[in-house]
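Protein chains in written order, with our numbering: chain A, 318 to 423; chain B, 7 to 356. Even glycine gets a Cβ: it sits at the ideal position worked out from N, Cα and C.
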Amino acid sequence: MVKITFIDSGGTARTVEGEVGSTLMETAINNGVPGIEAECGGACACSTCHVYIEEAWREKVGTPSPMEEDMLDFAYGVQPNSRLSCQIKVSEDFEGLVVRTPDRQA
Amino acid sequence: MSETIKTDIVIIGAGPIGLFAVFELGLLDMKTHLIDILDKIGGQCAELYPEKPIYDIPGIPYTSAQGLVDALLLQIKPFNPQFHLNEMVEKVEKIGDPLFRVTTDQGKQFECKVVVIAAGGGSFQPKRPPIPGVEPYEGKSLFYSVRRMEQFRDKRILIVGGGDSALDWTLNLAPLAKKLTLIHRRSEFRAAPDSVNKMRALVDAGKIDLVFGQVTALHGDDGQLQKATVKTNDGAINQLECDALLPFFGLTMKLGPVANWGFELKNNELIPVETAAFETSVPGIFAIGDINWYPGKLKLILSGFHEGALMAQKAYHYCYPEKRLVFQYTTSSSNLQKKLGVAPQTAQPA
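Quick look at the structure:
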């Protein structure tokens with residue numbers, strides 16, 4: 318388990334336990350973190366689990382695959398640090414990870 | 007308005023659960039029409055993730071979502087279900103006991119004894135673009151689809167997106183438009199490479215403009231666009247004059263008109279049902295699959311299959327009130343096997 322903090326668009330931070338090997342999206346859903354919809358259930362098919370990775374974490378979290386980039390076209394307010402949280406596997410290195418959720422998903 | 011289609015059952019939604027309901031209803035001699043807003047059969051499985059694997063269908067260790075849809079279509083073929091695609095059910099009215107009138111957004115009408123709502127997460131609708139204040143322009147100068155190309159003749163058009171819809175309409179409308187600008191957030195396109203090449207050729211020939219960036223604001227009066235603010239990827243902010251905007255940001259699921267059919271929804275999105283037949287609070291209207299709710303509900307395809315089987319048992323009594331239903335197995339019933347078109351000659355009743 319690693320501690321992961323989700324900050325919503327209003328600035329409220331929620332720190333939850335993320336299971337290594339699960340996805341960031343699953344971590345949010347399992348812990349009732351608002352702001353992540355995951356309409357397609359994690360199939361990289363809907364772009365409603367969009368998050369912004371905090372600058373300090375971008376390198377560790379990595380860059381989107383071409384398939385994820387394609388889905389990001391459908392997301393709102395895409396920025397260079399945008400990712401789809403269903404495509405991010407939680408690893409041991411993520412202790413203390415901070416991501417932000419956008420003000421809307423769809 | 008076209009004439010009313012009379013049938014036993016109207017199924018709203020042609021996803022896997024609606025498809026398997028055809029099988030269970032068909033075994034009990036009920037005729038089905040299915041209505042779906044998508045342009046294809048298969049619901050989310052076909053639209054969102056056709057190539058994704060599914061591992062939890064009993065007896066099928068692995069299939070793709072599209073593979074499951076194809077197999078279901080084969081399974082229900084003997085029952086000749088009728089599909090009405092690209093149509094959204096707008097109204098369900100009770101006109102008898104039990105008799106319902108179902109009306110689609112294309113004006114098509116059905117009369118049926120039973121309505122089965124198998125609408126999954128709701129209806130797929132175009133996503134609103136991520137621009138504040140788009141509502142006043144929708145349907146007036148901002149369109150999510152093109153019904154008539156002529157309306158865009160000699161207009162200054164902005165098209166936003168990088169998929170097939172965006173590229174197809176760029177190519178189709180470029181000859182008509184006074185000026186056409188395609189806006190996409192990055193230099194890679196999801197659309198078919200052939201379309202992308204054709205689009206780039208138009209750009210090179212100076213026939214259309216290509217801008218990498220995002221639309222951030224719209225300006226106009228009474229729903230008529232005059233210009234759009236575009237933030238390009240190099241950070242510049244430009245005002246583009248335009249008469250029409252076509253944003254293609256894919257589809258999202260919305261509950262849609264179901265919300266207005268008088269059910270007391272659970273969490274504003276699910277239709278409560280009882281668990282003997284998955285019937286709603288209105289006798290003769292059933293809800294199966296992801297759209298229903300009951301204590302213990304799991305949103306699994308296999309749960310929806312089970313719900314369809316029990317629904318069919320009760321639906322039978324609405325369609326054939328005088329008849330007694332004898333429970334039979336496909337494995338041993340020559341009667342059922344005949345309906346499936348698999349009965350051995352010797353087993354056929356005289």
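Applying the criterion that 16 or more other CB atoms from any shown protein chain within 10 Å of the CB defines a buried residue, is residue i buried or exposed?
| i | result |
| --- | --- |
| residue 354 of chain A | buried |
| residue 298 of chain B | buried |
| residue 16 of chain B | buried |
| residue 154 of chain B | exposed |
| residue 29 of chain B | buried |
| residue 369 of chain A | buried |
| residue 251 of chain B | buried |
| residue 356 of chain B | Low local confidence applies: a pLDDT of 48 at residue 356 of chain B is under 50, so the model's placement there is unreliable, and no value is given. |
| residue 119 of chain B | buried |
| residue 181 of chain B | exposed |
| residue 324 of chain B | buried |
| residue 322 of chain B | buried |
| residue 337 of chain A | exposed |
| residue 172 of chain B | buried |
| residue 240 of chain B | exposed |
| residue 200 of chain B | exposed |
| residue 337 of chain B | exposed |
Tell me the residue span of the alpha helix (DSSP H) that contains residue i.
| i | result |
| --- | --- |
| residue 53 of chain B | 49-53 |
| residue 252 of chain B | Run containing residue 252 of chain B: none in the alpha helix (DSSP H); it sits in the beta strand (DSSP E), 250-253. |
| residue 340 of chain B | 340-346 |
| residue 311 of chain B | 307-325 |
| residue 66 of chain B | Where residue 66 of chain B is concerned, there is no enclosing alpha helix (DSSP H), given that its DSSP letter is neither H nor E. |
| residue 82 of chain B | 71-82 |
Against chain C, with Cβ distances strictly below 8 Å, would residue i count as a contact?
| i | result |
| --- | --- |
| residue 258 of chain B | Note that chain C does not occur in the displayed structure, where the protein chains are A and B. |
Give a yes or no on whether the C-beta atoms belonging to residue i and residue j are separated by under 8 Å.
| i | j | result |
| --- | --- | --- |
| residue 286 of chain B | residue 269 of chain B | yes |
| residue 123 of chain B | residue 292 of chain B | yes |
| residue 205 of chain B | residue 164 of chain B | no |
| residue 419 of chain A | residue 393 of chain A | yes |
| residue 23 of chain B | residue 89 of chain B | no |
| residue 423 of chain A | residue 258 of chain B | yes |
| residue 170 of chain B | residue 197 of chain B | yes |
| residue 360 of chain A | residue 54 of chain B | yes |
| residue 63 of chain B | residue 307 of chain B | yes |
| residue 221 of chain B | residue 235 of chain B | yes |
| residue 225 of chain B | residue 213 of chain B | no |
| residue 188 of chain B | residue 158 of chain B | no |
| residue 350 of chain B | residue 104 of chain B | no |
| residue 231 of chain B | residue 300 of chain B | no |
| residue 389 of chain A | residue 383 of chain A | no |
| residue 19 of chain B | residue 42 of chain B | yes |
| residue 45 of chain B | residue 92 of chain B | yes |
| residue 400 of chain A | residue 378 of chain A | yes |
| residue 329 of chain A | residue 402 of chain A | no |
| residue 357 of chain A | residue 342 of chain A | no |
| residue 262 of chain B | residue 145 of chain B | no |
| residue 51 of chain B | residue 21 of chain B | yes |
| residue 26 of chain B | residue 311 of chain B | yes |
| residue 131 of chain B | residue 260 of chain B | yes |
| residue 161 of chain B | residue 249 of chain B | yes |
| residue 194 of chain B | residue 412 of chain A | no |
| residue 295 of chain B | residue 313 of chain B | yes |
| residue 335 of chain A | residue 407 of chain A | yes |
| residue 71 of chain B | residue 56 of chain B | yes |
Quick check on the DSSP output: the beta strand (DSSP E) that includes residue i runs from which residue to which?
| i | result |
| --- | --- |
| residue 118 of chain B | 115-123 |
| residue 330 of chain A | 330-335 |
| residue 149 of chain B | Careful: residue 149 of chain B lies outside any beta strand (DSSP E) and carries neither H nor E. |
| residue 259 of chain B | 257-260 |
| residue 322 of chain A | 319-324 |
| residue 231 of chain B | 230-238 |
| residue 274 of chain B | Residue 274 of chain B -> no beta strand (DSSP E), and no H or E assigned at all. |
| residue 128 of chain B | Here residue 128 of chain B belongs to no beta strand (DSSP E), and DSSP marks it neither H nor E. |
| residue 417 of chain A | 414-417 |
| residue 399 of chain A | 399-401 |
Below 7 Å, is the gap between the Cβ of residue i and the nearest heavy atom of the ligand HEM?
| i | result |
| --- | --- |
| residue 306 of chain B | In the structure shown, the ligand HEM is absent, as is every other ligand, since no ligand is present at all. |
Original post:
Taking Cβ-Cβ distances below 8 Å as the criterion, which residues of the stretch 44-60 of chain B are in contact with chain A?
Top reply: 50, 54, 55 and 58
Original post:
Relative to chain B, which residues along the stretch 374-400 of chain A have a C-beta separation below 9 Å, given in chain order?
Top reply: 383, 386, 387, 388, 389, 390, 391, 392, 393, 394 and 395
Subject >> Runs of beta strand (DSSP E) wholly within the stretch 177-228 of chain B (minimum 3 residues, chain order) >> reply: 185-190 and 215-227
**OP:** Return the residues of the stretch 350-363 of chain A that lie within a Cβ-Cβ distance of less than 7 Å from chain B, sorted by chain order.
**Re:** Within the stretch 350-363 of chain A, the residues whose Cβ lies closer than 7 Å to some Cβ of chain B are 356, 357, 360, 362 and 363, listed in chain order.
Subject >> Residues within the stretch 189-201 of chain B neighbouring chain A, beta-carbon criterion of under 8 Å >> reply: Correct list: 190, 191, 192, 194 and 196.
Original post:
Which parts of the stretch 335-397 of chain A are runs of the beta strand (DSSP E), unbroken and 3 residues or longer, counting only runs that do not cross its ends?
Top reply: The qualifying runs are 367-370.
Original post:
In chain order, what residues of the stretch 129-141 of chain B put their CB closer than 7 Å to some CB of chain A?
Top reply: 133 and 136
**OP:** Quick one: which residues of the stretch 159-175 of chain B get their C-beta closer than 8 Å to a C-beta of chain A? List them in chain order.
**Re:** 167, 168 and 169
**OP:** Note down, one range per segment and in chain order, each alpha helix (DSSP H) of at least 4 residues found wholly within the stretch 11-61 of chain B.
**Re:** 22-33 and 49-53
Original post:
Listed in chain order, which residues of the stretch 243-256 of chain B have Cβ atoms closer than 8 Å to some Cβ of chain A?
Top reply: 255 and 256
Original post:
What residues in the stretch 115-129 of chain B have a beta carbon less than 9 Å from any beta carbon of chain A?
Top reply: 127
Subject >> Chain-ordered residues of the stretch 332-348 of chain A with a beta carbon less than 7 Å from chain B >> reply: none
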